[in-house]
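**Student:**
Chains as they are written, first to last, in our numbering: chain A, 507 to 851; chain B, 507 to 851; chain C, 507 to 851; chain D, 507 to 851.
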């Protein structure tokens, strides 16, 4: 059978590199074109030297994509740039998976408020399916445009959706205390990403205003049909990859830990990448993989529910989940090309 | 004027080493004796080689302390061991600052429940003053036995006491999400402390059961006179030193951020080691020092208060706060010997 | 075609875990049995929880291996223990790849001097083939017992063999300054492996006496037929995985960098895992892979040759190279199951 | 007695910050002015927030220094900029300690070749004294302009000078394999300093061409009076601070380790900051201090001498050594203000 032809738009960042790492070994696709406006003409392996002898194709300019008969493109572009690409290529024959934030938030004015940017393509916002396969698999299968979830939202939504959808917990007092590795902030050289500012260090940032707050709230409202109020606090970990979210939920009824665990096990019974863990998982347990590991706790002393969830922000939080979405869109087994084993330690 | 004569009981761990680092440069004291049962006879600088040419005295056995005319001893012993020392030496001429958990919790049965150990010296529990100088300076000044606070509790209590004591926030829904460096777990070689288990990694631990939960709750109840309910979740950071606590509080009245900041500024107006920070502080900002940096936030969208507090767990969370207590006990300026500047980066 | 049946002897360490990571995805083999004396009866995924949902088989005791009709076993045992296994199972139907140091050094008395242990199985020493596929592929193909190279020696031998075998450099003044990640020291909880002793730190160790010195020298003498003298200095890096060796060689003739590079390119023309790099490679460039990246320099000012080589100590320095040897022993393409792409960052 | 008045020129980098950390607690000086062209008008503690409540003075522009009656200025400026300052202020009443490379290399054309910059002030090159107190204390005491040594050269020169000056080793085959923390590369946000490029990583750089090569060689030639040939290879460690240099030397005569150790002990008998260590020192052993720890080895098998030396690159390798020079220039005890104890871990 012929393989599907794939384009990767934007190749210099971590997401682009991670897409190549995964797709290069995916049995059903060929990477036809990788683009970069700043480095076009150079080899992909010049930009990411560890790909020497693995991926030696030359980077192209965006303008050249029409020369390729593509089935699907992944957009690894900054938000604000993605929307222009999508607008311009709406109606083309290829499907699009956008890894930016541009098509995740509905309606348009909420996006514009939190991103402080005018959105140029309302139709895209309406058409886009939020690419959380554990929640929206059916819609993803037929989508032409998938908005791939943000990294923090992936860890937070998978942690709280089962109890919120069962109306088991108070939807107005959700606290999500998240901790992310540095790659979540992108590859640009800025002071906050410098080794000596991150190493042996730790801090909170983006309190009250981080854009993933509205993404989490927006999606949880969609799946529950209720108003949801989320307090989200991101922190910067001295690690390369990985997000751990500690989610605090108030039960609306009497409960115990075993009952809660069963709810999660049932909810994720058919989800190949969600592992229910008996003990609190560590970030390295999912490193390099598409797993989301979840640990469920109920404290009878305080009657509080505490959910620990971990993902690799570049895989389940970006490139891996995007490939999982592609698998659904082409009718393949969800796991195709995503059976990596953690590199640990 | 003659200097005070000090003993350090327990020298092989991080706390013992840190006490020497600070006391060695304290202008009012002499370290008369440092003990270690496992290494007695060896030089302190053989156990901690970076002290070569700095502190070359030999380690003694505990039994030898009666040969010294001591004014004060610091106990850097494991909990369960400290209580025996205190019981045995009650009534001696020297004051005691105990850095273990043995005398922090009242009453005895609560200690015994959370520490799963019988307490051998009830009188000590009654006599001991909790060594939080920002809250109990007057009692510390005249105390014979000070129970030096735990590391997590130091960061958590200083973060929430001002609002709880003002009855400004709900005392029953306090969430403290804490992240600590590895030295908090002690110097023993165990799998959880191995480099490859910690490096580039992050996890939660001790959910629902960590002993510092009751210490925090106990002290907050004492200073407020109200029932307090604390949800405390510790996490292990890949850093040597430092604790960052993110505390979530529900206001009981309409408020805004400036009002909150003013409450903290007033509350800590005379506290030389508490710095109110405009932006979220990082762990390295206090490394090697006795500072506790606090950042205050109110989110008008959710009406939640979020307090970020950071300390060096070995200094303000252990040895430094102990020396601060000693300064009060001897009537010296609280800052004596504690004006270290952060080594950053 | 039926798959080959594989046993992994010793499962609790990093090498055992890494063998499973690689073999689990190898298309030509089945892992029939994994043993551990200390944890037999437990599941492999209880010992290494990140394998949950990936490898759930139970660990067996060594005694049970006769119940399996194995084609090959990997020994991930400590040196001194391996030799007993090999002695006891000599003549069995399965091939053996030993990842310990027990069969790398010839003759027996040199082993005994450097390892300070009596060797119980001389015949094994004589029969064993040193498993460096770039140097001994033909012998490996027909071997029944392969002594898999040490991690430091792998990086050092690949860096210097091309010039030594061409008699291009002085074999008596080789300096190898090596730096290794912590996993090279094994999984045991000992003070030198504690996070706080390694993090943000760096030191040399094993000067003059490290056992890999004699392994490097021994093999280089074998491939050159000349006396060789190696000064080897290992250092401990604050990283999980990876070795970088900086090798200093004195040319015997007038040379320049391009000539040297050509020698390496020719020497490794058919070696799929050696990448000649234009710029000095970093450890992360090979993380999780079987690559050895080599960078060649000649300093005309001093007439010194400086070779930089990097490997992942757990892959090319252990489990990966072992699988590469297995591929040769079964007549498969050397790269089978070894096409991992670096997880970077 | 009145204190000396000090200016710090250049405050935004690590060296400027470290000078303030040390001088702020120096009993004989007052920091009169701290300058920064890019941040003048802001407070020093806005640029380095961990100085809040410690150093709150405002940054000035360079032009304002004439309003201060300074006794000495420290130049924490980039090379190429320092020389202009020195030229312009030659003949002023204050002494100068320049922490850049501009006045370390003699003669001018050698500087210009290795720095690829025209030097604007030959007289300065001639007048400047190289600020290595262990080698040039007498000249430093009367100097008006001190060229503070580079970080790598400090570790390398102290390691090899005793044997070279005794004509005990071959001066033409010195190999210095050095490993440095990231702060050595400065505070600028550039890709090589990004967390994800450094963390869990390691690489060599600047092979054959690093400017510190000529500085080491130049000074060793000066103190020995012989031609010296140095092969110097720097590497980038994933640590904030610290340099470890492994120096390989060929003895010219029969020797043993004890004899060598005695040579070092005698040579450094009056050097308060050089500690001769019995076992290989680690970088953390000197963190935050002005110590240089040296460990001496002779390998009888190869007849090679291997010296391990460690410093904190920001202290003994920059700001601390500069203060040590100041102490000499003002006739104070060398140790004044430099008795910090390592913060370890």
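From the three backbone atoms N, C-alpha and C, an ideal C-beta is built for every residue, glycine too. Bear in mind that the values here come from a model prediction, so they are computed numbers and not experimental data.
#1: Anyone know if the C-beta pair for residue 568 of chain B and residue 541 of chain B falls short of 7 Å?
#2: Looking at the secondary structure, which residues open and close the beta strand (DSSP E) in which residue 740 of chain B lies?
#3: Assign residue 541 of chain B to one of three DSSP states: helix, strand, or coil.
#4: Can you give the Cα-Cα distance for residue 678 of chain C and residue 619 of chain D, rounded to whole angstroms?
#5: For residue 564 of chain C, would you say it is in contact with chain B, using Cβ-to-Cβ distances shorter than 7 Å as the test?
#6: What span of residues does the beta strand (DSSP E) with residue 651 of chain B cover, start to end?
#7: Could you check where the beta strand (DSSP E) with residue 663 of chain D kicks off and where it finishes?
#8: With a threshold of 8 Å on Cβ separation, who are the neighbours of residue 628 of chain C within its own chain once the five nearest residues in sequence on each side are excluded?
#9: Considering only the alpha carbon of each residue, which of B:714, B:774 and B:767 lies closest to residue 805 of chain A?
#10: Quick one: is residue 695 of chain D near chain A, going by C-beta distance under 7 Å?
#11: Do we get a CB-CB distance below 7 Å when we pair residue 545 of chain A with the residues of chain C?
#12: If you measure beta-carbon to beta-carbon, which residues of the segment 658 to 691 of chain C are closer than 7 Å to chain B?
#13: Kindly list the residues whose CB is nearer than 7 Å to the CB of residue 834 of chain B, restricted to its own chain and excluding five residues on each side of it in sequence; keep chain order.
#14: When the distance is taken between beta carbons, is residue 780 of chain D closer than 7 Å to residue 818 of chain D?
#15: Identify every residue that forms a DSSP beta bridge with residue 548 of chain A.
#16: Short of 7 Å Cβ to Cβ, which residues in the segment 705 to 736 of chain C face chain B?
#17: Looking at residue 655 of chain B: is its Cβ nearer than 7 Å to the Cβ of residue 710 of chain A?
#18: Please state the DSSP three-state secondary structure of residue 647 of chain D.
#19: Interface residues of chain D around residue 702 of chain A at Cβ under 7 Å?
#20: Along the chain, where does the beta strand (DSSP E) that runs through residue 799 of chain D open and close?
#21: How many Å lie between residue 832 of chain B and residue 552 of chain B at the Cα?
#22: With burial defined as no fewer than 16 other Cβ atoms inside 10 Å of the residue's Cβ, what is the status of residue 830 of chain B: buried or exposed?
#23: Return the first residue and the last residue of the alpha helix (DSSP H) that residue 842 of chain B is part of.
#24: Looking at residue 661 of chain A: is its Cβ nearer than 7 Å to the Cβ of residue 740 of chain A?
#25: Measuring CA to CA, which of C:823, C:798 and C:824 is closest to residue 814 of chain C?
#26: Counting only runs of 3+ residues fully inside the segment 690 to 754 of chain D, write out the beta strand (DSSP E) ranges in chain order.
#27: Pick helix, strand or coil for residue 788 of chain A, following the three-state DSSP scheme.
#28: When you compare the CB of residue 790 of chain B with every CB in chain A, is at least one pair closer than 7 Å?
#29: Can you find a C-beta in chain C that's less than 7 Å from the C-beta of residue 850 of chain A?
#30: Would you say residue 814 of chain B reaches chain A, if we count a Cβ-Cβ gap shorter than 7 Å as a contact?
#31: Residue 805 of chain B versus chain A: which residues are under 7 Å apart at the beta carbon?
#32: Where does the unbroken beta strand (DSSP E) through residue 847 of chain D begin, and where does it stop?
#33: Taking only three categories from DSSP, how would you classify residue 781 of chain B?
#34: Using a C-beta cutoff of 7 Å, does residue 770 of chain B count as contacting chain A?
#35: From A:762, A:596, A:768 and A:824, pick the residue whose C-alpha is nearest to that of residue 668 of chain A; which is it?
#36: Please state the DSSP three-state secondary structure of residue 528 of chain A.
**Tutor:** Judging by the given coordinates:
#1: Here residue 568 of chain B refers to the residue found at position 62 when the second chain is read from its first residue. Here residue 541 of chain B refers to the residue found at position 35 when the second chain is read from its first residue. Contact: yes.
#2: In the second chain, counting from the first residue as 1, residue 740 of chain B sits at position 234. Its beta strand (DSSP E) spans residues 736 to 742.
#3: Translated into the one-based positions of the second chain, residue 541 of chain B becomes position 35. In this structure, residue 541 of chain B counts as strand in the three-state DSSP scheme.
#4: Residue numbering aside, residue 678 of chain C sits at position 172 when the third chain is read from its first letter. Residue numbering aside, residue 619 of chain D sits at position 113 when the fourth chain is read from its first letter. If I take the Cα positions, the gap works out to 34 Å.
#5: Translated into the one-based positions of the third chain, residue 564 of chain C becomes position 58. No, residue 564 of chain C does not count as interfacial toward chain B.
#6: Working through the second chain from its first residue, we reach residue 651 of chain B at position 145. Where residue 651 of chain B is concerned, the enclosing beta strand (DSSP E) stretches over 651 to 653.
#7: By one-based count along the fourth chain, residue 663 of chain D stands at place 157. Run containing residue 663 of chain D: none in the beta strand (DSSP E); it sits in the alpha helix (DSSP H), 657 to 671.
#8: Taking the third chain and counting its residues from 1, the one referred to as residue 628 of chain C is at position 122. Answer for residue 628 of chain C: 614, listed in chain order.
#9: Along the first chain, read from residue 1 onward, the residue named residue 805 of chain A stands at position 299. Of the listed residues, the one whose Cα sits closest to residue 805 of chain A is B:714.
#10: Within the fourth chain, the letter at position 189 stands for residue 695 of chain D. At least one chain A Cβ lies under 7 Å of residue 695 of chain D.
#11: Within the first chain, residue 545 of chain A is the residue found at index 39, counting from 1. Not closer than 7 Å to any Cβ of chain C, the Cβ of residue 545 of chain A fails to qualify, so no.
#12: 688 and 689
#13: As a working note, residue 834 of chain B is residue 328 in the second chain. Hits under 7 Å: 639, 643, 646, 647 and 840.
#14: By 1-based counting over the fourth chain, the position of residue 818 of chain D is 312. By 1-based counting over the fourth chain, the position of residue 780 of chain D is 274. Not a contact, by the Cβ cut-off of 7 Å.
#15: Position 42 of the first chain, counting from 1, holds the residue named residue 548 of chain A. Paired residues: A:546.
#16: Among the residues of the segment 705 to 736 of chain C, those with a Cβ less than 7 Å away from any Cβ of chain B are 705 and 706, in the order of the chain.
#17: Counted from its first residue, the second chain places residue 655 of chain B at position 149. Counted from its first residue, the first chain places residue 710 of chain A at position 204. No, Cβ-Cβ distance for residue 655 of chain B and residue 710 of chain A is not below 7 Å.
#18: Numbered from its first residue, the fourth chain carries residue 647 of chain D at position 141. Helix.
#19: The residue you call residue 702 of chain A lines up with position 196 of the first chain. Those within 7 Å of residue 702 of chain A in chain D are 688, 689 and 746.
#20: In the fourth chain, residue 799 of chain D corresponds to position 293, counting from 1. That run of the beta strand (DSSP E) goes 798 to 805.
#21: Residue mapping note: residue 832 of chain B aligns to position 326 of the second chain, counting from 1. Residue mapping note: residue 552 of chain B aligns to position 46 of the second chain, counting from 1. One C-alpha to the other measures close to 27 Å.
#22: Counted from its first residue, the second chain places residue 830 of chain B at position 324. Residue 830 of chain B is buried by the Cβ-count criterion.
#23: Position 336 of the second chain holds residue 842 of chain B. It is not in any alpha helix (DSSP H) - residue 842 of chain B carries neither H nor E in the DSSP assignment.
#24: Along the first chain, read from residue 1 onward, the residue named residue 661 of chain A stands at position 155. Along the first chain, read from residue 1 onward, the residue named residue 740 of chain A stands at position 234. No; because the gap between Cβ atoms is not below 7 Å, this pair is not in contact.
#25: Within the third chain, numbered from 1, the residue matching residue 814 of chain C stands at position 308. Per the Cα distances, C:798.
#26: 736 to 742
#27: In the first chain, counting from the first residue as 1, residue 788 of chain A sits at position 282. Judged by DSSP in its simplified three-state form, residue 788 of chain A adopts strand.
#28: Here residue 790 of chain B is taken as the residue at index 284 of the second chain, counted from 1. So, interface residue.
#29: As a position in the first chain, residue 850 of chain A is number 344, starting the count at 1. Answer yes: the Cβ-Cβ gap between residue 850 of chain A and chain C drops below 7 Å somewhere.
#30: Here residue 814 of chain B refers to the residue found at position 308 of the second chain. Chain A contact via Cβ: present.
#31: Walking along the second chain from the start, residue 805 of chain B turns up at place 299. Correct list: 714 and 737.
#32: Position 341 of the fourth chain holds residue 847 of chain D. Here residue 847 of chain D belongs to no beta strand (DSSP E), and DSSP marks it neither H nor E.
#33: Here residue 781 of chain B refers to the residue found at position 275 when the second chain is read from its first residue. The answer is strand: DSSP assigns residue 781 of chain B an E or B state.
#34: Position 264 of the second chain, counted from the first residue, corresponds to residue 770 of chain B. The Cβ of residue 770 of chain B sits no closer than 7 Å to any Cβ of chain A.
#35: In the first chain, residue 668 of chain A corresponds to position 162, counting from 1. When only C-alpha atoms are compared, the closest one is A:768.
#36: Sequence index remark: in the first chain, residue 528 of chain A carries index 22 (1-based). Residue state, collapsed to three classes: helix.
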